[in-house]
Amino acid sequence: DAGVTQSPTHLIKTRGQQVTLRCSPKSGHDTVSWYQQALGQGPQFIFQYYEEEERQRGNFPDRFSGHQFPNYSSELNVNALLLGDSALYLCASSLLHAGEQFFGPGTRLTVL
Amino acid sequence: QQQVKQSPQSLIVQKGGISIINCAYENTAFDYFPWYQQFPGKGPALLIAIRPDVSEKKEGRFTISFNKSAKQFSLHIMDSQPGDSATYFCAAIGYNQGGKLIFGQGTELSVKP
């Protein structure tokens, strides 16, 4: 079992650009959640996807959007990048209603 | 009401000592309390978790103590080792919270040889 995988590992963008991050959940998991972790902070919930629908959303603007595919993999899209979007973006997979969420290694996004 | 408060922010312990990290919450709808361990440049790894119907859970050198009435829980690392040096996050989630894990601010643990 490969666990949760994310790509790319690192990404550098400039302000105003758009970025797409990808996540493959653990085998057998059907739910994907995305978190943003700023340096020195705990992860902040962005949104969760189940059955290809956004199930819940945290306090993030509409510039953050996502998608879940029939194979349960997911994408996080961020438009009109700001310097403050620089962070580690984490994907977590789980079964719906299960408390346990397993995190991937993250994608380090740097916005210049 | 959604916050989870964690202390201390940093902790230095001698090898073989006990590391203790504390967390407090307000939302009584939380019903699952995991602890995550995170090494620099890596994603958080689930360490141990507890539900509020038990007061203590032990897995190897790691123990969670849970006080439902005080809305507090803590992680104890027995016989701390230099390899335990990492950032530890407590978290909380409720069945009806839609899958949103609420994290504490983190504790940077350093175990000195």
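Line by line, the protein sequences give chains A and B.
For the first sequence, my numbering begins at 3 and goes up steadily by one.
For the second sequence, my numbering begins at -16 and goes up steadily by one.
Cβ coordinates follow ideal geometry from the N, Cα and C atoms, glycine included.
Rounded to the nearest angstrom, the Cβ distance from PRO107/A to GLY26/B is 5 Å, consistent with a contact under 8 Å.
In this structure, GLY18/A lies near ALA82/A, with their beta-carbon atoms less than 7 Å apart.
Taking a cut-off of 8 Å on C-beta distances, the segment -4 to 9 of chain B does not touch the segment 54 to 67 of chain A, as fewer than three cross pairs fall below it.
Around the beta-carbon of VAL113/A, 16 or more other beta-carbon atoms lie within 10 Å, marking it buried. Our two residues, GLN70/A and SER88/A, have alpha carbons roughly 23 Å apart in a direct line. Burial state of VAL37/B is exposed, judged by a 10 Å Cβ sphere holding fewer than 16 other Cβ atoms. Distance from LYS95/B to GLN20/B at the Cβ level is roughly 18 Å; contact not present, criterion being Cβ atoms closer than 8 Å. By the criterion of at least three beta-carbon pairs nearer than 8 Å, the segment 70 to 80 of chain B is in contact with the segment 10 to 18 of chain B.
Beta-bridge partners of GLY5/A (DSSP): none assigned. Under DSSP, HIS12/A forms a beta bridge with ARG110/A. With distances taken between CA atoms, HIS31/A lies nearest to LEU97/A out of ASN79/A, THR11/A, LEU97/A.
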